[in-house]
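Chemist: Going by full-length UniProt numbering, 100 is the number at position 100 of the sequence shown; the sequence numbering is gapless. I'd like to ask you about the structure that follows.
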Amino acid sequence: MTTVFVKGLGLIGSTLIRAIRQKHPQYRIVGSDISTATLDFAIEQGLIDDAGTNLYQADQADFIILAGPVSAIVKDLHDLAQLELKPGVIITDVGSTKQTIIDAAQPLIERGDVFIGGHPMAGSHESGIQAGRVDLFKDAYYFLIPTSGSKGVSELKDLLSGLNVNWYLIHARQHDKIVAQLSHVPHVIATALMTQSAATFKDHRELLKLAAGGFKSTTRIAKSDPTMWSAIMHNNRELIVQQLDEYLYELQSLRQAITADDQEKLFAVFSKAKADREELDH
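Below is the structure:
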């Protein structure tokens with residue numbers, strides 16, 4: 001019987017489990033989490049067949065999925081390297097920075113274990129096992145970073161086929177630059193806007209409730225898990241800072257145009273941004 005070990009049963013981990021359970025109901029799934037309430041819920045809902053903490057039964061698994069924060073994934077990879085794992089095991093993760101994780105996986109790779117970095121480019125500001133759902137990543141891009149050629153890729157795709165994602169194979173450094181610009185910098189911007197707005201209305205907090213859809217859409221991701229995002233800033237800080245510098249340059253350029261009331265430049269910038277954003281919808 002194929003056994004799947006999943007460590008971290010939050011939003012992403014539980015979504016993967018739901019997809020595996022739906023597509024491969026015959027597979028045995030072992031879940032691991034630091035929260036006993038989460039493990040109890042997973043057992044009660046039939047999401048997993050057995051539960052434990054740390055790397056409980058990871059050495060018996062055909063697939064190992066690490067779905068905690070990046071710092072936890074790095075530690076798990078170090079710990080897995082100390083275990084004798086099942087021959088042919090395929091190990092993957094869902095961390096949003098990849099070079100740090102690939103570096104941590106080197107001892108496993110060097111001894112012949114198959115490690116494939118992974119990262120679904122979708123999610124939710126909600127967190128926890130109850131927020132997971134089988135269609136969370138439907139039609140989204142799911143990055144894969146193979147480290148042993150094509151070994152294990154088709155098997156992993158089959159395991160997670162219930163997600164109905166678009167697979168995208170990429171190198172770790174390329175991945176980290178892409179997510180720095182499209183995910184990490186936007187989170188910094190949303191956080192900064194929310195922080196600045198809260199400070200502006202600190203004496204009249206009720207005025208924040210006047211915010212319309214544009215403000216709410218722009219700052220929605222600021223509601224995400226601060227533990228996860230603090231770890232992301234640590235692990236991808238070089239590229240985040242680089243992309244932030246470029247964003248600040250654009251912001252300063254806009255500020256100068258507004259100060260000078262340069263309507264021609266403002267119209268050109270807004271028109272280009274409008275066209276680029278509309279292209280995303282097609």
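For each residue, glycine too, the CB sits at the ideal point set by N, CA and C.
Under the assumption that S224 contacts L208 (Cβ atoms under 8 Å), give the Cβ distance between them as a whole number of angstroms.
Modeler: Within the sequence shown, the letter at position 224 stands for residue 224. Within the sequence shown, the letter at position 208 stands for residue 208. So it is not a contact: roughly 18 Å between Cβ atoms.
Chemist: Shortest alpha-carbon distance to V165 belongs to which of A222, G31, L144, G152?
Modeler: Walking along the sequence shown from the start, residue 165 turns up at place 165. Minimum Cα distance to V165 is reached at L144.
Chemist: Cβ atoms of V179 and Y247: under 8 Å apart, would you say?
Modeler: Position 247 of the sequence shown, counted from the start, is the residue given in the question as residue 247. Position 179 of the sequence shown, counted from the start, is the residue given in the question as residue 179. Not in contact: Y247 and V179 (Cβ atoms no closer than 8 Å).
Chemist: Check whether the Cβ atoms of G152 and I116 sit closer than 8 Å, and answer yes or no.
Modeler: Residue 152 sits at position 152 when you count from the first residue of the sequence shown. Residue 116 sits at position 116 when you count from the first residue of the sequence shown. Yes, they are a contact pair.
Chemist: As an exercise, report each continuous beta strand (DSSP E) stretch of at least 3 residues that is fully enclosed by the region 51–135, in chain order.
Modeler: The region 51–135 contains these whole beta strand (DSSP E) runs: 63–66, 90–93, 114–120.
Chemist: In chain order, what are the residue ranges of uninterrupted beta strand (DSSP E) at least 3 long that sit wholly in the region 13–57?
Modeler: Correct list: 28–32, 50–52.
Chemist: If you follow the beta strand (DSSP E) that I145 is part of, which residue opens it and which one closes it?
Modeler: Numbered from its first residue, the sequence shown carries residue 145 at position 145. 141–146 is the extent of the beta strand (DSSP E) around I145.
Chemist: With a threshold of 16 other CB atoms inside 10 Å of the CB of M228, please say whether the residue is buried or exposed.
Modeler: Here residue 228 corresponds to residue number 228 of the sequence shown, with the count starting at 1. Buried, by the Cβ-count rule.
Chemist: Could you tell me whether the Cβ atoms of D76 and L66 are closer together than 8 Å?
Modeler: The residue labelled residue 76 in the question sits at position 76 within the sequence shown. The residue labelled residue 66 in the question sits at position 66 within the sequence shown. Yes, the Cβ-Cβ distance between D76 and L66 is below 8 Å.
Chemist: Using the Cβ count rule (16 or more neighbours within 10 Å means buried), how would you classify K7?
Modeler: The residue you call residue 7 lines up with position 7 of the sequence shown. Buried.
Chemist: Tell me T3's beta-bridge partners as DSSP assigns them.
Modeler: On the sequence shown, residue 3 is found 3 positions in, with the first residue counted as 1. Looking at the DSSP assignment, T3 forms a beta bridge with R28.
Chemist: Relative to the C-alpha of K23, which candidate in A131, G162, I29 has its C-alpha closest?
Modeler: Start at 1 with the first residue of the sequence shown, and residue 23 comes out as number 23. Checked all of A131, G162, I29; the closest Cα to K23 is G162.
Chemist: When you compare the CB of F201 with every CB in chain C, is at least one pair closer than 8 Å?
Modeler: Although the question refers to chain C, the structure presented lacks it and comprises just one protein chain.
Chemist: Hey, out of V74, E110, D93, L83, whose CA is closest to A104's CA?
Modeler: Position 104 of the sequence shown, counted from the start, is the residue given in the question as residue 104. Nearest of V74, E110, D93, L83 to A104, Cα basis: V74.
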